[in-house]
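Following: one structure in structure tokens, then a few remarks.
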């Protein structure tokens, strides 16, 4: 438990950067209205691609709210590559030898180019938000024509968007660009350029036939005073407020000199099992806007008896378009209808990956709260959450409870030399917490024991004395654990073949085997090991998993959720000594 103590860069070639324009903007195409002109016409070189959903002379691309920007709609371009086979020739819009590439071009079909919202070739800043929904990289560029001489086509620079990641395409129209057809070294008689087409290609053989590529907020940002967004705010806590339906959200204050305000977004977990990469969709409209200098807000009218999630973005004062930061790790809560105290508390210690990177979303650092939240709420438990950063900053204090548990999640933190699982401040706070007889701790992660074993005597003592464990193997690549007594019901949650499966986004080679020390008990044996290598060590106040709870059972299917729910139920029952009301499980 804890108590409150105190109340994207625009990048060419760097696909992890993402800027959301929330101010005034000259939109060229937003994909918010299926009737938006113009239609997009797919153009494929011979013997190379067959366009599955956006055929020649078809209407605008599929409209999707899965990507890219904060719940708004985007254009989804679906292409079926010819596989197996070789890349085809004949796409002059691709640089180099076009026979090496799988490529497709989408032309503005009606009219042949965008007549309105033309971009100045001297002050224009062309920008678009992109998402590559494929397990292989894509390269993207946009092609423009002259407002007066339409056969003079220039292509902007290609940028690579890594697999399953967001990116921002940004082109300063004054910078050197490539002629596609006709023209000289300038724009000719015109002073403005118009969007004509988009080119998408991959130099590697696609691993799946159907390609999904999303584009959002194609815009002209003109003479921006600043294109550097603020740092993603670090959420501190999301907890019950002074009245029913109140949620107090706190975060670490940003330090940018041009900070304007923060937007706080409130969402639910309704889209968790959808195909969205980030697993969560927040409304476009913030639940609250907080001026710079304030780092807390009390949201009112928050739904109770259901999971809610929060995230915060920082916005600067750049003109004409304020820059908006990435969202960091999300927090969540399930509040009682009467405003009473919650049962359990979740602490997220996620520091390994930077917000906005492909790994941040794929490995669950944005949406990790959802795994814990759904497992707790399905056991009819009420909870709130905080970050380890709040504990380290002394903004939160862990408070024991005989009837509730503190869940401390680390995901993959600690399983690499650059990643710390538990800071010295966290170790100190957890040591003080576990010194109280009523403390109950459920801690998990793929690199906790590895990190504590090699980082110093204080961390080593914490692992041996407080967690009552020693590291046997830091790299068990396994998908099953056979559990052993005395935790009979606990064992059933991870006994059936396939129930413990580190498949989805987590590193299966980083699971830890643990030995029990100081009167603790080791439970379970990995199926690949000839030794009694346990994935679980437990005492009467600690359950320690040598793998991330978030990855237990693998994937986001209903079956996987039931297994995690049962696992959480067994942990709560074991630590508190009180059976959980599990009516929601069945």
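In the working numbering, the protein residues as written are 6 to 591.
Quick reminder that beta carbons are idealized off the backbone N, C-alpha and C, glycines included.
- [ ] Locate the alpha helix (DSSP H) running through residue 429, then write down its first and last residues.
- [x] The residue given as residue 429 occupies position 424 in the chain shown. Start and end: 429 to 439.
Open item on the list: Closest to residue 169 by C-alpha separation, out of 249, 107, 73, would be which residue?
Closed with: Locating residue 169 in the chain shown gives position 164, counting from the first residue. Nearest option by C-alpha distance: 73.
- [ ] Could you check which residue in 291, 474, 343, 292 has the C-alpha nearest to that of residue 518?
- [x] Numbered from its first residue, the chain shown carries residue 518 at position 513. Closest by alpha carbon: 474.
Open item on the list: Below 8 Å, how does it come out for the region 211 to 224 and the region 131 to 144: are there three or more Cβ pairs, yes or no?
Closed with: yes
TODO: Output the distance between the C-alpha atoms of residue 132 and residue 222, rounded to the nearest integer angstrom.
DONE: Position 127 of the chain shown, counted from the start, is the residue given in the question as residue 132. Position 217 of the chain shown, counted from the start, is the residue given in the question as residue 222. In a straight line, the C-alpha of residue 132 is about 8 Å away from that of residue 222.
TODO: Indicate the three-state DSSP secondary structure (helix, strand or coil) for residue 151 in the structure shown.
DONE: Here the question's residue 151 lines up with position 146 in the chain shown. Reduced to three states, the DSSP call for residue 151 is strand.
Open item on the list: With the cut-off set at 9 Å, would you say residue 300 and residue 255 are in Cβ contact?
Closed with: Here residue 300 corresponds to residue number 295 of the chain shown, with the count starting at 1. Here residue 255 corresponds to residue number 250 of the chain shown, with the count starting at 1. Yes, these two residues count as a Cβ contact at 9 Å.
Open item on the list: Quick check on the DSSP output: the alpha helix (DSSP H) that includes residue 458 runs from which residue to which?
Closed with: Taking the first residue of the chain shown as position 1, residue 458 is located at position 453. 453 to 459 is the span of the alpha helix (DSSP H), which, as asked, contains residue 458.
Task: Same chain only: Cβ atoms within 6 Å of residue 99, ignoring 5 sequence neighbours per side - done: As a position in the chain shown, residue 99 is number 94, starting the count at 1. Correct list, in chain order: 106, 108, 206.
Open item on the list: Taking a contact to mean a Cβ-Cβ separation below 9 Å, would you say residue 291 touches residue 331 in this structure?
Closed with: By 1-based counting over the chain shown, the position of residue 291 is 286. By 1-based counting over the chain shown, the position of residue 331 is 326. No, these two residues do not count as a Cβ contact at 9 Å.
Task: C-beta atoms of residue 386 and residue 343 nearer than 9 Å - done: The residue given as residue 386 occupies position 381 in the chain shown. The residue given as residue 343 occupies position 338 in the chain shown. Cβ distance not < 9 Å, so residue 386 and residue 343 don't count as in contact.
- [ ] Look at the Cβ atom of residue 366, then the Cβ atom of residue 406, and state whether they are nearer than 9 Å.
- [x] Within the chain shown, residue 366 is the residue found at index 361, counting from 1. Within the chain shown, residue 406 is the residue found at index 401, counting from 1. Not a contact, by the Cβ cut-off of 9 Å.
Open item on the list: Here's the rule: buried if 16 or more other CB atoms are within 10 angstroms of the residue's CB, otherwise exposed. What is residue 414?
Closed with: By one-based count along the chain shown, residue 414 stands at place 409. Burial call: buried.
- [ ] Could I get the ranges of all uninterrupted alpha helix (DSSP H) runs contained in the region 333 to 387, with 4 residues as the minimum, in chain order?
- [x] 363 to 367, 373 to 382
Open item on the list: Tell me the DSSP secondary structure of residue 205 in three-state form.
Closed with: In the chain shown, residue 205 corresponds to position 200, counting from 1. Shown here, residue 205 sits in a strand according to DSSP, grouped into three states.
TODO: Tell me, please, which residues DSSP counts as bridged to residue 81.
DONE: As a first step, residue 81 is located in the chain shown; it is residue number 76 there, counting from the start. The partner list for residue 81 (beta bridge, DSSP) reads 67, 219.
Open item on the list: Using the Cβ count rule (16 or more neighbours within 10 Å means buried), how would you classify residue 584?
Closed with: Along the chain shown, read from residue 1 onward, the residue named residue 584 stands at position 579. It is exposed - the Cβ of residue 584 has fewer than 16 other Cβ atoms within 10 Å.
- [ ] Go through its chain and collect everything with a Cβ distance to residue 258's Cβ below 6 Å, but skip five positions before and after it.
- [x] Numbered from 1 along the chain shown, position 253 holds the residue referred to as residue 258. Excluding residues within five positions, the ones whose Cβ falls inside 6 Å are 300.
TODO: Identify whether residue 320 lies in helix, strand or coil by the three-state DSSP scheme.
DONE: Here residue 320 corresponds to residue number 315 of the chain shown, with the count starting at 1. In this structure, residue 320 counts as strand in the three-state DSSP scheme.
TODO: Along the alpha helix (DSSP H) that carries residue 527, what are the first and last residues, could you check?
DONE: Locating residue 527 in the chain shown gives position 522, counting from the first residue. Segment 526 to 528 is the beta strand (DSSP E) holding residue 527; no alpha helix (DSSP H) there.
Task: Spatial neighbours of residue 226 in its chain, beta-carbon cut-off 6 Å, leaving aside the 5 residues before and after - done: Indexing the chain shown from 1 puts residue 226 at position 221. If we look at residue 226 and ignore the five residues flanking it on each side, its Cβ neighbours are 130, 132, 326.
Task: chain D contact for residue 337 (CB, 9 Å cutoff) - done: No chain D appears in the structure shown, which is made up of a single protein chain.
TODO: Would you decide whether residue 506 is buried or exposed? Buried here means 16 or more other CB atoms lie within 10 Å of its CB.
DONE: On the chain shown, residue 506 is found 501 positions in, with the first residue counted as 1. Residue confidence is low: residue 506 scores 36 on pLDDT, short of 50, so the model does not pin down where it sits. Its coordinate-derived value is still stated next. That one is buried.
- [ ] Just mark residue 321 as buried or exposed, buried being the case when its beta carbon has 16 or more other beta carbons within 10 Å.
- [x] Taking the first residue of the chain shown as position 1, residue 321 is located at position 316. With 16 or more Cβ atoms within 10 Å of its Cβ, residue 321 is classed as buried.
Task: Cα-Cα separation between residue 581 and residue 446, rounded to whole angstroms - done: Working through the chain shown from its first residue, we reach residue 581 at position 576. Working through the chain shown from its first residue, we reach residue 446 at position 441. Roughly 10 Å between the two C-alpha positions.
Task: Which residues DSSP lists as bridging residue 569, in chain order - done: Residue 569 sits at position 564 when you count from the first residue of the chain shown. Bridge partners of residue 569: none, in fact.
- [ ] Indicate whether residue 224 and residue 113 have their beta-carbon atoms separated by less than 9 Å.
- [x] Taking the chain shown and counting its residues from 1, the one referred to as residue 224 is at position 219. Taking the chain shown and counting its residues from 1, the one referred to as residue 113 is at position 108. No, the pair does not count as a contact, with Cβ atoms beyond the cut-off.
- [ ] Could you tell me the boundaries of the alpha helix (DSSP H) in which residue 396 lies?
- [x] In the chain shown, the residue the question calls residue 396 occupies position 391. That run of the alpha helix (DSSP H) goes 393 to 397.
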